[in-house]
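**Student:**
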Amino acid sequence: MKTNIDPVKISEFKCMREPLSLEAVIRESNRCLLCHEAPCSAGCPAGTDPGRFIRQIRFYNYKGAARTIRNNNILGGVCAFICPVEKLCEKECSIKALEDPININGLQRFVVEYGKAFSLEPMKVSSKNMGHVAIIGAGPAGMSCASSLATLDYDVTLYEQEQQAGGIARYYIPAFRLPEETLNDDITNLLSQGVKISHGKNLTYIGTITDLMKRGFDAVFISTGLSKPFRLELLEGYINVTDYLSFLRNIRHDFTAPELKNKNIAIIGGGSVALDAAVSASAAGASRVYLISLEHLKELPADQEEINLARLMNVIFKAGSQITRVVAEDKQITRLTGIETDWKEPDNYHPSNARQIQGTEFSINVDLVVQAIGTCPDDKITRFARGVEIMGKGTIVTGSDFSTNLPGVFAGGDVVSGGATIVQAVGDGKKAAESIHNYLNKRRANQ
Amino acid sequence: MSKPNPLQINFCGVRFENPFCLSSSPVGNHAEMCARAYDAGWGGVVYKTLGLEKSFRVVMPSPRLNAYNYGDKRVIGLQNTEQITDRPIRDNLRDLAWLKKSYPNKVLISSIMGYDDEDWAELAKMSEDAGADLVELNFSCPQMAHKHAGHRVGQDFHAVEMFTRVVKNATRLPVIAKMTPNITDMVPVALAAKDGGADAISAINTIKAITNIDLDSFTPMPDIHGNSAATGFSGPAVKPIAMRFVSDLYNSKQLNLPVSAIGGIETWIDALHFLLLGATNIQVTTAIMRYGYRIVEDMIEGLTDFMNDRNIGSLDELIGQAARMIVDPSEFDTRHQVVAVVDPEKCIGCGQCFISCRDGANQAMKFNAAKRKVEVDETRCVGCLLCKHVCPVWDCISHKEVDTLTTRHAAIF
Chain C
1 MKTNIDPVKI SEFKCMREPL SLEAVIRESN RCLLCHEAPC SAGCPAGTDP
51 GRFIRQIRFY NYKGAARTIR NNNILGGVCA FICPVEKLCE KECSIKALED
101 PININGLQRF VVEYGKAFSL EPMKVSSKNM GHVAIIGAGP AGMSCASSLA
151 TLDYDVTLYE QEQQAGGIAR YYIPAFRLPE ETLNDDITNL LSQGVKISHG
201 KNLTYIGTIT DLMKRGFDAV FISTGLSKPF RLELLEGYIN VTDYLSFLRN
251 IRHDFTAPEL KNKNIAIIGG GSVALDAAVS ASAAGASRVY LISLEHLKEL
301 PADQEEINLA RLMNVIFKAG SQITRVVAED KQITRLTGIE TDWKEPDNYH
351 PSNARQIQGT EFSINVDLVV QAIGTCPDDK ITRFARGVEI MGKGTIVTGS
401 DFSTNLPGVF AGGDVVSGGA TIVQAVGDGK KAAESIHNYL NKRRANQ
Chain A
1 MSKPNPLQIN FCGVRFENPF CLSSSPVGNH AEMCARAYDA GWGGVVYKTL
51 GLEKSFRVVM PSPRLNAYNY GDKRVIGLQN TEQITDRPIR DNLRDLAWLK
101 KSYPNKVLIS SIMGYDDEDW AELAKMSEDA GADLVELNFS CPQMAHKHAG
151 HRVGQDFHAV EMFTRVVKNA TRLPVIAKMT PNITDMVPVA LAAKDGGADA
201 ISAINTIKAI TNIDLDSFTP MPDIHGNSAA TGFSGPAVKP IAMRFVSDLY
251 NSKQLNLPVS AIGGIETWID ALHFLLLGAT NIQVTTAIMR YGYRIVEDMI
301 EGLTDFMNDR NIGSLDELIG QAARMIVDPS EFDTRHQVVA VVDPEKCIGC
351 GQCFISCRDG ANQAMKFNAA KRKVEVDETR CVGCLLCKHV CPVWDCISHK
401 EVDTLTTRHA AIF
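Chains as they are written, first to last, in our numbering: chain C, 1 to 447; chain A, 1 to 413.
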């Protein structure tokens, strides 16, 4: 766990994860046990292979390490900043049996930046002679799939509704967690592979999968992510209620918008996005920031690093509680009433399993309520992907190879998982690219 | 009644309160430094080597040092291009006299380096007159820019014998001949010194070495305005080589002279290693350059505790105890063989032993990928114990003896 988080820096939009000095890089790489069949590598959903790149660092092969990261994970720079390493690679680190795990994300960031500073050669450009693939959504899953397909010499077009690529990494992760330059560098690598990104193209513009196929695409990968926030019925109809997507999008780079100074903010939820919203609100000068979650402190799905930061930023945790009543004037919520909760059955964190604890009612004054209780895919997916099997909450159903029920149509990332980490989405994109390649190979063989 | 000091030692008829001395180097440049070393607890000082201005033009290049680093470990060795003292002989003699007067119970050793017979004799007389208790003959400085001095003398048996004799004739003080390690076998040179009348041998001086190269300019380091040189290398990295030479000297029946050990000593354990290999006296520089005079406290306390814990009353009971076990490899008893034993409870599953055994030994370690544990294939293990040495858990891998009469052992069959 990183302990060098400085709240002042967060308020100044400096990054929460400090870079490692060269000395620290050498120390960390020497501390690494260079395991056989490294468990850290097995712990990375994107297959970034830290076991390999740390070995390369250990033997001063810094450019080689940068190549490993870039080839394995097109968002290697982004992941170095935002990966919940304590739950993934570092969780598996063998040296934990003896001492603190290796600072894997610190080493990753160092070599990614080293590669840039010392002009690592551009990536191989796709010859584009293996077929045409359309990818819908230039977020982590889409970009990762595009990179892998370009490596396999496909002609890849990414359709993106926003003006810039990056998806959640660009529009919703606060700048104090991820510097925009890092994301741009990763995208530059992707573009250097000859991948095209068609900006400002939403699903309505694209039409349907059939339209795409008619335009000559051999396969489609849907990675549109999640864009429709869940809402609590209790909070419907009030003016000063927002969702984390709108809130984070506004506040990501600019803590003055929306105006939060000296306001009381309540965030509902306990995941990474809820913590991001809470820390941002606090950095923006909110008077009191409450984080209300059904999960108790140790059950919060957010990373420990984010929880620590929120505590340093004076976020008030109402962990293990729920909102029961709203007091409002003219559609403006002025006060929330809540109660502490417990679980009926252990290890089941679903709202239906919560049990109120009598005599623990509390009431807080609020100026703004931010809901961060999850998201589901855009409804427009059903029209675009007509014929593709879709679950109740709007997520796309795929096999373990990310193929849908329609031939040539694949999907991955949050639109399938319903919400996971960026590194997971990168992994999905890579695996989907392999499946697309296998599918098209078979098709070619049958022709 | 307090116990007698177990660390006191007699070396060449001189009593040292403890065997720990500064070796002739930048750590004993002048009286003020040496006084602080005495105050810190060092039993003796070998003063920075004296020379006569008329004979040597002492060259002091800059930068003068370069470190040998290993990974994140800094200065596991140190390369020094410094030569003998560049101070006027008069000042140094005044310092020596002041030190002996101020610290009569501490041992003062004057290191000297002459160019010809007259120089050696004159420097020895001057040292005696200044109050030195012993004289050390520097036959071994690897960077003296002179064809007839420094380690080139130390490689010339005849010169060593002649200069030693000249000094012995010029002074009544006990004489220590300091050996260069830049030679295949040190014993013949030590014997030449003995023939010249030397009372003791000190070893090793620094090893001629190159520690690093600048990858932009391709200049070896230290980069002395575009040039460099193979010069004296010291520190922990040279200790194994020094231990070999010290045991060679001690085990030479023909030589049979006391040895003052030098080479990578930082701790009481390092010192004890040299005592066990036959040294009577210990000299230190690089560790002081790195950590200061204060480290002698830990040498004194650590070695005293070690001896008290084992009821060892005198260093004489330790000296040479390990040297007796140094034999020619042909004399090894190979009927007794061992195999590695892994403690599965302590194994953290990193697989370093597996990789080392697979690629660097006998493919006797099996890796269970599912459990992330290793197992020894006793039919393949030759008992080299590379696995034990690379294991990050210090007490995870041990070994057991196998009965070679009943068990098939890979090393024999």
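Every residue gets a Cβ at the ideal spot worked out from N, C-alpha and C, and that includes glycine.
1) What residue range does the beta strand (DSSP E) around N10/A cover?
2) Closest to N92/A by C-alpha separation, out of S110/A, N80/A, Q83/A, N105/A, would be which residue?
3) Given a cut-off of 8 Å on the beta-carbon distance, is the pair V27/A and M289/A in contact?
4) Output, in chain order, the set of chain C residues within a Cβ distance shorter than 9 Å of I288/A.
5) Between V342/A and chain C, is there a C-beta pair that is closer than 8 Å?
6) Which bits of chain E does L98/C rub up against, with CB to CB less than 9 Å?
7) Run the CB neighbour count on M391/C, radius 10 Å, all protein chains shown included, and call it buried at 16 or more, exposed below.
8) Between A425/C, K9/C, T341/C, V409/C, which lies nearest to D218/C when the distance is taken from Cα to Cα?
9) Who are the near neighbours of Q161/C in its chain, counting only those whose CB is closer than 6 Å to its CB and skipping five residues on each side?
10) Can the beta-carbon of A46/C be found closer than 8 Å to that of N73/C?
11) Measure the C-alpha to C-alpha separation of E434/C and V195/C and round it to an integer number of angstroms.
12) Compile a chain-ordered list of the residues in the stretch 135-165 of chain C whose CB is closer than 9 Å to at least one CB of chain A.
13) Exposed or buried, which one is W394/A when buried takes at least 16 other CB atoms within 10 Å?
14) Determine the DSSP secondary structure at L50/A, reduced to helix, strand or coil.
15) Hey, how far is the Cα of K261/C from the Cα of I239/C?
16) Assign Q163/C to one of two classes, buried (16 or more other C-beta atoms within 10 Å of its C-beta) or exposed (fewer than that).
17) Which bits of chain A does E37/C rub up against, with CB to CB less than 7 Å?
18) Scan the stretch 339-372 of chain C and note each continuous beta strand (DSSP E) run of 3 residues or more that stays entirely inside, going in chain order.
19) In this structure, does DSSP put A219/C in helix, strand or coil?
20) May I ask you to report which of helix, strand or coil DSSP gives E401/A?
21) For A134/C, name the three-state secondary structure that DSSP assigns.
22) Less than 8 Å between the C-beta atoms of I282/A and F20/A, yes or no?
23) Whose Cβ in chain C lies nearer than 7 Å to the Cβ of G77/A?
24) Measure the alpha-carbon distance for K2/C versus P84/C and round it to whole angstroms.
25) Considering Y290/C, what are the terminal residues of the alpha helix (DSSP H) in which it resides?
26) Checking the sheet assignment: what are the DSSP bridge partners for P229/C?
27) Mind reading off the beta-carbon distance from G142/C to G166/C? Whole number of angstroms is fine, and I expect it under 8 Å.
28) Just to confirm, are G137/C and G225/C a CB contact at a threshold of 8 Å?
29) Who are the neighbours of R27/C on chain A, taking C-beta pairs under 9 Å?
30) Can you pull the chain C residues whose beta carbon is under 7 Å from the beta carbon of F354/A, in chain order?
31) Ends of the beta strand (DSSP E) at D243/C?
32) Is it buried or exposed, A369/A, if we count other Cβ atoms within 10 angstroms and call 16 or more buried?
33) Along chain A, which residues have their Cβ under 9 Å away from the Cβ of S21/C?
34) Can you list the beta strand (DSSP E) stretches of 3 or more residues lying completely in the stretch 86-170 of chain A, in chain order?
35) By the DSSP assignment, the beta strand (DSSP E) with G232/A in it spans what residues?
36) Determine the chain A residues that contact N30/C at a beta-carbon separation under 7 Å, and present them in chain order.
**Tutor:** From the atom records:
1) By one-based count along the second sequence, residue 10/A stands at place 10. Judged by DSSP secondary structure, N10/A falls within the beta strand (DSSP E) whose first and last residues are 9-11.
2) Position 92 of the second sequence, counted from the first residue, corresponds to residue 92/A. When only C-alpha atoms are compared, the closest one is S110/A.
3) Taking the second sequence and counting its residues from 1, the one referred to as residue 27/A is at position 27. Taking the second sequence and counting its residues from 1, the one referred to as residue 289/A is at position 289. For V27/A and M289/A, yes; Cβs fall inside 8 Å.
4) In the second sequence, residue 288/A corresponds to position 288, counting from 1. For I288/A, there are no C-beta contacts with chain C under 9 Å, since the nearest C-beta of that chain is about 24 Å from it.
5) Indexing the second sequence from 1 puts residue 342/A at position 342. At a cut-off of 8 Å between beta carbons, V342/A makes no contact with chain C.
6) As a matter of chain content, chain E is missing from the structure shown, whose protein chains are C and A.
7) As a working mapping, residue 391/C is identified with position 391 in the first sequence. Exposed is the call here.
8) Counting from 1 along the first sequence, the entry for residue 218/C is found at position 218. Distances from the CA of D218/C to each of A425/C, K9/C, T341/C, V409/C were compared; the closest alpha carbon is that of V409/C.
9) The count along the first sequence starts at 1 and reaches residue 161/C at position 161. Once the five neighbours on either side are set aside, the close Cβ partners of Q161/C are N202.
10) Translated into the one-based positions of the first sequence, residue 46/C becomes position 46. Translated into the one-based positions of the first sequence, residue 73/C becomes position 73. In this structure, A46/C sits near N73/C, with a CB-CB distance shorter than 8 Å.
11) Here the question's residue 434/C lines up with position 434 in the first sequence. Here the question's residue 195/C lines up with position 195 in the first sequence. Near 17 Å, if we compare the C-alpha coordinates of V195/C and E434/C.
12) Listed by position, the residues of the stretch 135-165 of chain C near chain A (Cβ gap below 9 Å) amount to none.
13) Residue numbering aside, residue 394/A sits at position 394 when the second sequence is read from its first letter. Under this definition W394/A is an exposed residue.
14) Along the second sequence, one-based indexing puts residue 50/A at 50. Of the three classes helix, strand and coil, the one that applies to L50/A here is strand, per DSSP.
15) Numbered from 1 along the first sequence, position 261 holds the residue referred to as residue 261/C. Numbered from 1 along the first sequence, position 239 holds the residue referred to as residue 239/C. About 18 Å.
16) In the first sequence, residue 163/C corresponds to position 163, counting from 1. By the 16-neighbour rule on beta-carbons within 10 angstroms, Q163/C is exposed.
17) By 1-based counting over the first sequence, the position of residue 37/C is 37. Here the neighbours are G351, A369.
18) Taking 3 residues as the minimum length, the beta strand (DSSP E) runs contained wholly in the stretch 339-372 of chain C are 354-356, 362-365, 368-371, in order along the chain.
19) Position 219 of the first sequence, counted from the start, is the residue given in the question as residue 219/C. Three-state DSSP puts A219/C in a strand.
20) For the purposes of this step, residue 401/A is identified with residue 401 of the second sequence, where counting begins at 1. DSSP, read as helix, strand or coil, puts E401/A in strand.
21) Here residue 134/C corresponds to residue number 134 of the first sequence, with the count starting at 1. Strand at A134/C.
22) Reading the second sequence from its first residue, position 282 is the one you call residue 282/A. Reading the second sequence from its first residue, position 20 is the one you call residue 20/A. The Cβ atoms of I282/A and F20/A sit closer than 8 Å to each other.
23) What you label residue 77/A is simply residue 77 of the second sequence in a count that begins at 1. Within chain C, no residue comes near G77/A; the closest Cβ sits about 17 Å away, beyond 7 Å.
24) Residue mapping note: residue 2/C aligns to position 2 of the first sequence, counting from 1. Residue mapping note: residue 84/C aligns to position 84 of the first sequence, counting from 1. Note that K2/C has pLDDT 49, beneath the 50 cutoff, so the model's placement of it is unreliable and no number is given.
25) The sequence position of residue 290/C within the first sequence is 290, counting from 1. Element bounds for Y290/C: not the alpha helix (DSSP H) but the beta strand (DSSP E), 288-293.
26) Taking the first residue of the first sequence as position 1, residue 229/C is located at position 229. DSSP lists T375/C as the beta-bridge partner residues of P229/C.
27) The residue you call residue 142/C lines up with position 142 of the first sequence. The residue you call residue 166/C lines up with position 166 of the first sequence. With 8 Å as the limit, G142/C and G166/C do not qualify as a contact, their Cβ atoms being about 10 Å apart.
28) On the first sequence, residue 137/C is found 137 positions in, with the first residue counted as 1. On the first sequence, residue 225/C is found 225 positions in, with the first residue counted as 1. Closer than 8 Å, so yes.
29) Translated into the one-based positions of the first sequence, residue 27/C becomes position 27. Listed along chain A are G71, D72, each with a C-beta nearer than 9 Å to that of R27/C.
30) Against the second sequence, residue 354/A aligns to sequence position 354. In chain order: H36.
31) In the first sequence, counting from the first residue as 1, residue 243/C sits at position 243. According to the DSSP assignment, D243/C belongs to the beta strand (DSSP E) that extends over 241-243.
32) For the purposes of this step, residue 369/A is taken as the residue at position 369 of the second sequence. So A369/A counts as exposed.
33) As a first step, residue 21/C is located in the first sequence; it is residue number 21 there, counting from the start. Within chain A, no C-beta atom comes less than 9 Å from the C-beta of S21/C; the nearest is roughly 11 Å away.
34) Runs of beta strand (DSSP E) with 3 or more residues, each lying fully within the stretch 86-170 of chain A, are found at 107-112, 134-138, listed in chain order.
35) By one-based count along the second sequence, residue 232/A stands at place 232. Segment 231-234, the beta strand (DSSP E) holding G232/A.
36) In the first sequence, counting from the first residue as 1, residue 30/C sits at position 30. Chain A residues near N30/C: G71, D72.
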